[in-house]
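Here the structure comes first, spelled out in structure tokens, and everything after it is commentary.
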Amino acid sequence: MNWMRMLVMAKKEVMQILRDSRSLMIVIVMPAILVLLFGYGVNLDQKRIPVYVWNQDGSQQSLDLVWRFKASEYFRVAAEVDNEKALARALDNGDARIAIVIPWNFDHRLQTGGRVAVQALVDATDDNTANLAMGYAQAVVQSYSANVQVAWMNQRGLAMQAAPVSVDTRTWYNEDLESSAFIIPGVLALVMSVIGAFLTSLTIAREWERGTMEQLISTPVSALEIMFGKLIPYFVLGMGDTVVAALIAIYWFHVPFRGSFGTLLASSAMFLVVVLSLGFFISVIAKSQFAASQIALLVTFLPAFLLSGFLFAIEQMPKPLQVMTHILPARYYVSVLKKIFLKGTPALMLYADLIPLAVFSVVLALLATRSFHKRLM
Amino acid sequence: MPWRARGRRVAEATPNTADNSVLLEGLVKRFGKFTAVDGISLTVRRGEVFGFLGPNGAGKSTTIRMLCGLLRPTAGRAVVAGYDVARDPEAVRQHIGYMSQRFSLYNDLKVMENLRLFAGLYSVPQRVLRERMDWALAMANLEGKEDLITGTLPGGWKQRLALGCAVLHKPPILFLDEPTSGVDPIARRQFWDLIHAMAAEGVTVFVTTHYMEEAEYCNRLSLIYRGRMVALGTPSELKRDGMHGELLLVDCTPLGPALELLQSAPAVLDAAIFGSALHLVVEDAASAIPLLKQYLAANNVDVQRMERIHPTLEDVFVSLTTGHGAAEEHKA
């Protein structure tokens with residue numbers, strides 16, 4: 119490896135990036151746009167879920183329960199109906215995501231100290247919302263039931279000041295239950311996929327397309343020098359963009375940052391090596407800029423977006439998909455990001471994510487070095 | 006690969022190649038079932054301007070790419086500057102300059118930046134860098150144009166810049182693949198002056214072209230057709246010996262019917278339109294001329310002129326390749 123030749127290549131690559139307004143836009147504007155887009159545009163918080171109520175009982179007690187649903191910020195009582203058909207229709211056409219049925223003997227059973235079940239029908243086409251709605255509904259009914267219990271015992275002169283057991287939830291790590299805090303750290307993985315894989319996927323393919331590769335490989339410059347010369351500028355840019363994205367997340371969106379910046383940089387560097395190698399590898403095989411960019415988006419950006427746990431929790435995916443996520447480097451990086459930002463997990467305890475990430479970066483970097491030969495065919 | 010040992014010269018092992026800059030022995034390149042280069046053998050001497058002449062698709066570029074180590078030969082071998090191109094492509098690259106057929110410098114870089122890039126890639130030492138770049142700029146006649154973006158230059162300037170980039174490291178051998186295609190005649194002429202100036206300094210120049218008039222500028226020529234070498238020699242040797250039979254020029258009217266008549270005339274080996282006249286190939290000019298004049302007159306063709314002429318390279322080429330084509334069709 120001749121360092122001078124590698125530096126000459128890197129310098130040439132930098133000049134080309136600086137003269138190419140599209141690359142420059144992607145490098146400079148893309149990180150900010152992505153962070154802002156996901157910071158403002160995506161909100162996974164579920165509030166005011168539409169609910170239909172069929173109150174068969176109509177007693178004071180049952181009205182009290184309905185009122186609690188009305189008072190909850192998580193629900194919006196869209197309509198009260200008096201038959202099952204109407205409920206079914208509302209669930210079918212999406213007017214209601216959940217329906218509550220209060221049985222006709224509700225009041226009577228409560229008065230006699232019996233147990234009574236309130237039925238909840240949930241539209242589970244969107245299982246995320248369904249789970250949330252169920253949880254919220256349970257919470258509403260539970261708190262109501264606790265009150266009833268206390269009142270019932272008081273009536274009978276039994277001293278009881280509060281419900282015997284109550285669930286007192288305290289959220290850790292993302293205290294305000296803001297979905298932006300959950301999402302934004304993962305945006306860094308997207309930024310890197312774009313800078314790393316998308317831009318580099320163009321570099322080798324562009325040389326083939328423009329015919330400059332033929333001249334380049336007729337000189338004594340080696341395949342490794344070409345590769346490093348091309349990737350180093352993008353590595354520097356990618357790291358810069360990571361820092362910018364992290365700063366926007368922390369200072370603009372007030373996403374908590376509890377871990378160490380060193381760990382963030384180290385894991386980002388590893389992930390960057392992964393995406394750069396992939397981008398380079400794709401660029402070598404594809405030989406056309408269009409094909410290369412499409413493949414790059416398909417193998418890096420999309421998985422980082424959909425399957426990394428960035429937006430959708432991996433635990434909630436179907437089992438086969440969950441298994442599949444293990445071969446996605448983005449999964450480990452997103453996991454590290456969330457832990458560094460929200461939990462402040464020390465680097466040593468991140469080994470389960472960092473080791474696979476390191477393995478991927480070494481393997482893919484080796485693959486990239488092996489992929490490129492100074493031959494026309 | 007950086008850790009591989011520097012190439013071994015194979016010249017010492019085979020003394021007969023010592024003086025030759027480029028040696029081809031039964032060089033073959035196949036792409037699947039298609040044979041692009043079919044067993045070419047030749048040697049190019051030091052300081053020679055060697056032309057590779059042939060139509061598009063004849064295998065010229067494929068050959069030159071093998072010689073530059075860009076393609077691996079399927080069979081046979083090629084030795085460039087004493088290094089085997091299949092075994093030591095990197096060593097070959099240290100000793101050659103290459104200009105590919107398609108302009109392949111960076112259009113988005115400035116003239117100076119392209120020069121500096123290739124100087125760096127060829128590891129031109131720092132102390133002579135300035136001098137070499139000034140020399141290349143002067144040679145390419147691009148002084149004062151250093152800061153222009155390469156993509157904005159006219160075709161002829163680009164070609165000269167490409168040549169400049171290819172010779173920054175003073176390579177002993179220069180491979181030029183159709184260096185003047187798409188360049189106007191004056192710029193073409195200037196380019197050939199450059200090539201000869203370099204050859205005069207001892208640089209071996211291996212150049213492909215499909216312009217017949219350019220072929221005349223070469224010291225020696227090889228005619229390539231369908232991957233095979235059909236002739237080899239100096240331009241005058243080729244014109245003298247390359248053709249079977251003798252060449253006649255016929256000025257006559259009407260041209261079309263005359264061509265048809267002559268193609269089936271007994272003494273005529275070949276007939277073709279050449280500009281506003283006909284070129285005929287006959288076994289013996291002296292005996293054929295009166296016979297043909299008579300024959301045409303009998304068929305109402307008015308002959309203004311019919312005389313023996315010296316063949317041009319194009320005549321030789323047409324004659325050699327039509328012969329080949331006919332032979333091949335016959336085989337099939």
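Chains A and B are the protein sequences, given in the same order.
Here the working numbering runs 118 ahead of the position in the first sequence, where the first position is 1.
Here the working numbering runs 5 ahead of the position in the second sequence, where the first position is 1.
No residue lacks a Cβ here, since even glycine has one placed at the ideal position from N, Cα and C.
Remember, it's a predicted structure, so these values are computed and weren't measured experimentally.
Margin query: At the level of alpha carbons, what is the spacing between residue 478(A) and residue 377(A)?
Written below: The residue labelled residue 478(A) in the question sits at position 360 within the first sequence. The residue labelled residue 377(A) in the question sits at position 259 within the first sequence. Rounded to whole angstroms, the separation of the alpha carbons of residue 377(A) and residue 478(A) is 23 Å.
Notebook entry, point to check: Which residues, in chain order, does the region 123-138 of chain A contribute to contact with chain B at a C-beta distance below 9 Å?
Noted result: 123, 125, 126, 127, 129, 130, 133, 134, 137, 138
Check: Would a check of beta-carbon distances place residue 42(B) closer than 9 Å to chain A?
Finding: Position 37 of the second sequence, counted from the start, is the residue given in the question as residue 42(B). Judged by the 9 Å Cβ criterion, residue 42(B) is not in contact with chain A.
Margin query: Is it buried or exposed, residue 147(A), if we count other Cβ atoms within 10 angstroms and call 16 or more buried?
Written below: For the purposes of this step, residue 147(A) is taken as residue 29 along the first sequence, with counting starting at 1. Counting Cβ neighbours within 10 Å, residue 147(A) comes out exposed, since fewer than 16 surround it.
Next item on the list: Using DSSP bridges, identify the partner residues of residue 257(B).
Entry: Translated into positions along the second sequence, residue 257(B) becomes position 252. In DSSP, residue 257(B) forms a bridge with 308(B).
Check: Alpha carbon to alpha carbon, how far is residue 447(A) from residue 304(A)?
Finding: For the purposes of this step, residue 447(A) is taken as residue 329 along the first sequence, with counting starting at 1. For the purposes of this step, residue 304(A) is taken as residue 186 along the first sequence, with counting starting at 1. When rounded, the distance between both Cα atoms is 13 Å.
Check: With distances taken from CA atoms, which of 132(A), 406(A), 232(A), 194(A) is nearest residue 320(A)?
Finding: As a position in the first sequence, residue 320(A) is number 202, starting the count at 1. If we check each option's Cα against that of residue 320(A), 406(A) comes out closest.
Check: For the candidate residues 254(B), 255(B), 117(B), whose alpha-carbon lies nearest to that of residue 155(B)?
Finding: Translated into positions along the second sequence, residue 155(B) becomes position 150. The shortest Cα separation from residue 155(B) among 254(B), 255(B), 117(B) belongs to 117(B).
Check: From residue 12(B) to residue 50(B), what does the alpha carbon distance come to, in whole angstroms?
Finding: If you number the second sequence from 1, residue 12(B) lands on position 7. If you number the second sequence from 1, residue 50(B) lands on position 45. Reliability of the predicted coordinates at residue 12(B) is poor, the pLDDT of 49 falling under 50, and the value obtained from them is presented with this limitation in mind. Their backbone Cα atoms lie some 22 Å apart in a straight line.
Margin query: For the region 307-318 of chain A against the region 413-425 of chain A, do three or more pairs of beta-carbon atoms, one drawn from each stretch, fall closer than 8 Å, so that the two count as touching?
Written below: yes
Notebook entry, point to check: Which of the three DSSP states, helix, strand or coil, is assigned to residue 166(A)?
Noted result: Counting from one through the first sequence, the residue named residue 166(A) turns up at place 48. Residue state, collapsed to three classes: coil.
Margin query: Quick check: does the Cβ of residue 442(A) come within less than 8 Å of any heavy atom belonging to the ligand PLP?
Written below: Looking for the ligand PLP in the displayed structure turns up nothing, as the structure carries no ligands at all.
Check: Near residue 275(B), what residues of its chain come up, given a Cβ to Cβ distance below 6 Å and the 5 sequence neighbours on each side ignored?
Finding: The residue given as residue 275(B) occupies position 270 in the second sequence. These residues qualify, in order along the chain: 286.
Margin query: Run through the DSSP bridge pairs and tell me what residue 237(A) is partnered with.
Written below: Indexing the first sequence from 1 puts residue 237(A) at position 119. Residue 237(A) pairs with 219(A).
Next item on the list: Evaluate residue 491(A) with the Cβ neighbour count: other Cβ atoms within 10 Å of its Cβ, from every protein chain shown; 16 or more gives buried, anything less gives exposed.
Entry: On the first sequence, residue 491(A) is found 373 positions in, with the first residue counted as 1. Here residue 491(A) is exposed: its Cβ has fewer than 16 other Cβ atoms, across all protein chains shown, within 10 Å.
Check: Going along chain A in order, which residues have a C-beta closer than 7 Å to the C-beta of residue 109(B)?
Finding: To locate residue 109(B), count along the second sequence from 1; it is residue 104. Under a criterion of Cβ atoms nearer than 7 Å, the residues of chain A adjacent to residue 109(B) are, in order, 329, 330, 332, 333.
Check: Where does residue 217(A) land, buried or exposed, given buried means 16+ other C-beta within 10 angstroms?
Finding: Taking the first residue of the first sequence as 1, we reach residue 217(A) at position 99. Residue 217(A) counts as buried, since at least 16 other C-beta atoms from the protein chains shown sit within 10 angstroms of its C-beta.
Check: Any Cβ of chain B within less than 9 Å of the Cβ of residue 494(A)?
Finding: Stepping through the first sequence from its first residue, residue 494(A) is reached at position 376. So yes, residue 494(A) belongs to the interface.
Note to self: According to DSSP, is residue 425(A) part of a helix, a strand, or is it coil?
What the structure shows: Mapped onto the first sequence, residue 425(A) falls at position 307. In the structure shown, residue 425(A) sits in coil (DSSP, three-state: anything other than H, G, I, E or B).
Notebook entry, point to check: Around the C-beta of residue 74(B), are 16 or more other C-beta atoms found within 10 angstroms, so that it is buried, or is it exposed?
Noted result: Working through the second sequence from its first residue, we reach residue 74(B) at position 69. It counts as buried.
Next item on the list: Spell out whether any CB of chain A is found under 9 Å from the CB atom of residue 21(B).
Entry: Sequence index remark: in the second sequence, residue 21(B) carries index 16 (1-based). Confidence in residue 21(B) is poor, its pLDDT being 41 and thus under 50, which makes the residue's placement unreliable; the coordinate value appears in the next sentence. By this cut-off, residue 21(B) is not an interface position.
Next item on the list: For the beta strand (DSSP E) containing residue 102(B), list its first residue and its last residue.
Entry: Residue numbering aside, residue 102(B) sits at position 97 when the second sequence is read from its first letter. That run of the beta strand (DSSP E) goes 101-104.
Check: Do the region 216-230 of chain B and the region 54-61 of chain B make contact, defined as three or more Cβ pairs closer than 8 Å?
Finding: Segments in contact, yes.
Next item on the list: Identify the contact partners of residue 103(B) in chain A, using a Cβ-Cβ distance below 9 Å as the criterion.
Entry: For the purposes of this step, residue 103(B) is taken as residue 98 along the second sequence, with counting starting at 1. The contacting residues are 332, 333, 336, 337.
Item checked: residue 481(A), buried or exposed, once every other Cβ within 10 Å from all chains shown has been counted against 16 -> Against the first sequence, residue 481(A) aligns to sequence position 363. Result: exposed.
Margin query: Quick check on residue 347(A): buried or exposed, where buried means 16 or more other Cβ atoms within 10 Å of its Cβ?
Written below: For this step, residue 347(A) is matched to residue 229 along the first sequence. Per the 10 Å Cβ criterion, buried.
Checklist line | residue 88(B) (DSSP reduced to helix, strand or coil) | finding: Taking the second sequence and counting its residues from 1, one reaches residue 88(B) at position 83. Strand.
Notebook entry, point to check: Count the other CB atoms within 10 Å of the CB of residue 137(B); is the residue buried (16 or more) or exposed (fewer)?
Noted result: Against the second sequence, residue 137(B) aligns to sequence position 132. Taking all protein chains in view, the Cβ of residue 137(B) is crowded by 16 or more other Cβ atoms within 10 Å, so the residue is classified as buried.
Check: residue 210(A): buried (16+ other C-beta within 10 angstroms of its C-beta) or exposed?
Finding: Translated into positions along the first sequence, residue 210(A) becomes position 92. Flag for residue 210(A) reads exposed.
Next item on the list: Under 7 Å Cβ to Cβ from residue 156(A), same chain only, skipping five residues before and after it: list those, please.
Entry: For this step, residue 156(A) is matched to residue 38 along the first sequence. The residues are 301, 302, 305.
Next item on the list: Examine chain B for any beta-carbon lying closer than 9 Å to the beta-carbon of residue 482(A), and answer yes or no.
Entry: Here residue 482(A) is taken as the residue at index 364 of the first sequence, counted from 1. No - not a single Cβ of chain B is within 9 Å of the one on residue 482(A).
Next item on the list: From the DSSP output, in three-state form, read off residue 40(B) for me.
Entry: The sequence position of residue 40(B) within the second sequence is 35, counting from 1. Note: residue 40(B) maps to strand in three-state DSSP.
Next item on the list: Run the CB neighbour count on residue 241(A), radius 10 Å, all protein chains shown included, and call it buried at 16 or more, exposed below.
Entry: Looking up residue 241(A) in the first sequence gives position 123. Per the 10 Å Cβ criterion, buried.
Next item on the list: State the Cα-Cα distance for the pair residue 428(A) and residue 152(A), rounded to the nearest angstrom.
Entry: The residue you call residue 428(A) lines up with position 310 of the first sequence. The residue you call residue 152(A) lines up with position 34 of the first sequence. Cα-Cα distance, rounded: 13 Å.
Item checked: Buried versus exposed call for residue 62(B) [16 or more other C-beta atoms within 10 Å across all chains shown] -> On the second sequence, residue 62(B) is found 57 positions in, with the first residue counted as 1. Per the 10 Å Cβ criterion, exposed.
Next item on the list: Say whether the region 223-240 of chain A touches the region 168-186 of chain A, bearing in mind that this needs 3 or more beta-carbon pairs closer than 8 Å, one atom from each stretch.
Entry: yes
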